[in-house]
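A.B. asks: At position 268 of the sequence shown the residue is numbered 407 (our numbering), and the sequence of numbers has no breaks. Cβ coordinates follow ideal geometry from the N, Cα and C atoms, glycine included. Because the structure is a prediction, the values reported are computed rather than measured.
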Amino acid sequence: MKKLCLYVIGLCMACTVFAQTGGPVLQKVSETLVFPMQPQHTHGSSIVALPNGDVLAAWFQGSGERTADDVKIMGARLRKGAKAWGTPFVMADTYGLPDCNPVLFLNSRNKLFLVWIAVQAHRWECSVLRYRTSVQYTDTAASVWNWQDNILLSPNDSFAVETAAKFKQLVPNTSGSGSYAPRYDDMVIEASRDFAKRSTGWMTRIKPLRLAGGRILLPLYSDGFNMSLVAISDNDGDTWRTSLPIVGRGNVQPALVQSKNGHIVAYMRDNGDEPSRVQVSESADSGYIWSAAQKTNIPNTASVELLALQDGRWAFVGDDEDDGRYRLSLWLSNDEGKTWQWKRTLENVPKDTGSFSYPCLIQTADGLLHISYSYSLEKQGEAIKYVVVDPKAIQ
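1) Just how far apart, CA to CA, sit W453 and S318?
2) Does W263 pass the burial test, meaning 16 or more other C-beta atoms within 10 Å, or should it be called exposed?
3) Report yes or no: is there a C-beta of chain B within less than 8 Å of the C-beta of D491?
4) Between the region 387-396 and the region 349-368, do at least 3 Cβ pairs fall closer than 8 Å?
5) Quick check on this structure: which residue in M230, H261, R248 and N249 has the alpha carbon closest to the alpha carbon of W255?
6) Whose CA, out of W470, L350 and K346, lies closest to the CA of Y360?
7) Please list, in chain order, all residues of the same chain as T155 whose beta carbon is under 8 Å from its beta carbon, the five residues on each side excluded.
8) Cα separation between T503 and H509?
9) R344 to R483, Cα distance in whole Å?
10) Output the boundary residues of the alpha helix (DSSP H) element that contains E444.
11) Which of the three DSSP states, helix, strand or coil, is assigned to P163?
12) Please name the residue, chosen from G457, G214 and S430, that lies closest to L471 on a Cα-to-Cα basis.
13) Could you give the distance in angstroms between the alpha-carbon of P241 and the alpha-carbon of L253?
14) Are there 16 or more other CB atoms within 10 angstroms of the CB of W130, so buried, or fewer, so exposed?
15) So is E517 buried or exposed if we call it buried at 16+ other beta carbons inside 10 Å?
16) From N289, D324 and D375, pick the residue whose C-alpha is nearest to that of V310; which is it?
17) Can D238 and F174 be called in contact, C-beta distance under 8 Å?
18) What is the rounded straight-line gap between the Cα of A153 and the Cα of G352?
19) Closer than 7 Å by C-beta to N410: which residues in its own chain qualify, once you throw out the five before and the five after it? Chain order, please.
20) Alpha carbon to alpha carbon, what distance is there between F334 and L445?
21) From the DSSP output, in three-state form, read off Y406 for me.
22) How would you write the range of the alpha helix (DSSP H) that S468 sits in, first residue to last?
23) For a quick check, are the C-beta atoms of V396 and A447 less than 8 Å apart?
24) Please report the Cβ distance between T233 and A260, rounded to the nearest whole angstrom; I am assuming they are in contact, meaning their Cβ atoms lie under 8 Å.
25) Does the structure place the region 214-224 close enough to the region 299-309 that three or more beta carbon pairs sit under 8 Å?
26) Taking only three categories from DSSP, how would you classify S273?
27) Any heavy atom of the ligand MN closer than 7 Å to the CB of L485?
28) When you compare only the Cα positions, how much space is there between P489 and Q177?
29) Where does K490 sit, in a helix, a strand or coil, going by DSSP?
30) Kindly list the residues whose CB is nearer than 7 Å to the CB of A192, restricted to its own chain and excluding five residues on each side of it in sequence; keep chain order.
31) Whole angstroms are fine: how far does the CA of R269 sit from the CA of F298?
32) According to DSSP, is F334 part of a helix, a strand, or is it coil?
33) Where does W341 land, buried or exposed, given buried means 16+ other C-beta within 10 angstroms?
34) Suppose you measure from the CA of R349 to the CA of L236; what does that come to, to the nearest Å?
35) Going by DSSP in three states, S379 sits in which element: helix, strand or coil?
36) Looking at L243 and L172, is the spacing between their C-beta atoms short of 8 Å?
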């Protein structure tokens, strides 16, 4: 715990210089829209590099998010060497329910996974975690899905014990102290004792982390508990169990990275009290037990992504403002997040004229960074943008 505190203090000091303004504009190898700007809501993209050199993208699209039943998971493919993406296609569509937050990844045997949520009752906390797998995804634009099921999680009583214990480690919160207004912490602790509540509503957003020993850590979060946990698979995604919760106030949508010492670090979107700042937690046992979440000094309103690069640096992509989604930036660190020496701006427009969020960040074998994100401009429509960056050029 002491080590994490020092880590957060160092991170806070390093971020102050960039807290108020955007950095230099990022020089890009290429940038394109996955499909033309259009009026429907498009959000929550994920990309994966396939063994044959293609890049596959997924996102959700429809008349809204949880309130419109026509929302479905869409996909598109960028063939190796191609300059333009292929025609979008339906990747998943649960009958009568909105489908959101797709995540694409490959396991150690190159089986393709699509994990997403189907939103029941138009409420995030009632979401069902679903997945499909494919081993036939190279010959046609749309993958042939060989298997589909739900991922059913059942955190045991240790979830409630851990929630109560970790809240004691957070900075005291005196909100809601009236006789008829239970404190926020008390409400979450009480909800954690409800087996049904802690077994449902866990949602995807960001790609999993594959460890050298084969373990897969799939980051999840709950809008009901307003905090996160990790789904753990030790058999290449065949079955899943839950970590203990990553306890905090509004720490959601975790992005995971492994330090050189083996610890797993989670950066999380701040969905709690102001000021909105990236929250951080750490696990010393390969993703099962997590420290209580703490705020850094990186401004944040909507989204985070994190990746350990081939050259040892860490890359962070997120909305680093605290009053909108009008700026999206790439940060690089050569000391595992203790300081951030480089910042480059992906998007930066006047407030209320554009929205850029929910990035996905991967690195291919050639060292290039591939970034996709939601891209919206006032009066022009919405799309998913795809950017390729050479991190060696950022020095």
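C.D. replies: On the basis of the coordinates in this document:
1) 47 Å
2) buried
3) The displayed structure is made up of one protein chain only, and chain B is not part of it.
4) yes
5) M230
6) K346
7) Below a pLDDT of 50, predicted positions are generally treated as unreliable, and T155, at 35, falls in that range; no measurement from the model is reported.
8) 8 Å
9) 23 Å
10) From DSSP, E444 is part of no alpha helix (DSSP H) but of the beta strand (DSSP E) over V443 to A447.
11) coil
12) G457
13) 7 Å
14) The question about residue 130 has no answer, for the chain in this structure spans 140 to 534.
15) exposed
16) D324
17) no
18) Unreliable placement is indicated for A153, whose pLDDT of 42 sits below 50; no coordinate value is reported for it.
19) N365, G389 and V391
20) 32 Å
21) strand
22) Element bounds for S468: not the alpha helix (DSSP H) but the beta strand (DSSP E), R466 to S472.
23) yes
24) Their Cβ separation, rounded to whole angstroms, is 13 Å, which puts T233 and A260 out of contact at 8 Å.
25) no
26) strand
27) Absence of the ligand MN from the depicted structure is noted, as is the absence of any ligand whatsoever, leaving it without description.
28) 21 Å
29) coil
30) For the record, residue 192 in the displayed sequence is Gly; it is not Ala. Contacts found: K219.
31) 22 Å
32) helix
33) buried
34) 30 Å
35) Here residue 379 is Trp; the residue named in the question, Ser, does not match the sequence. Note: W379 maps to coil in three-state DSSP.
36) no
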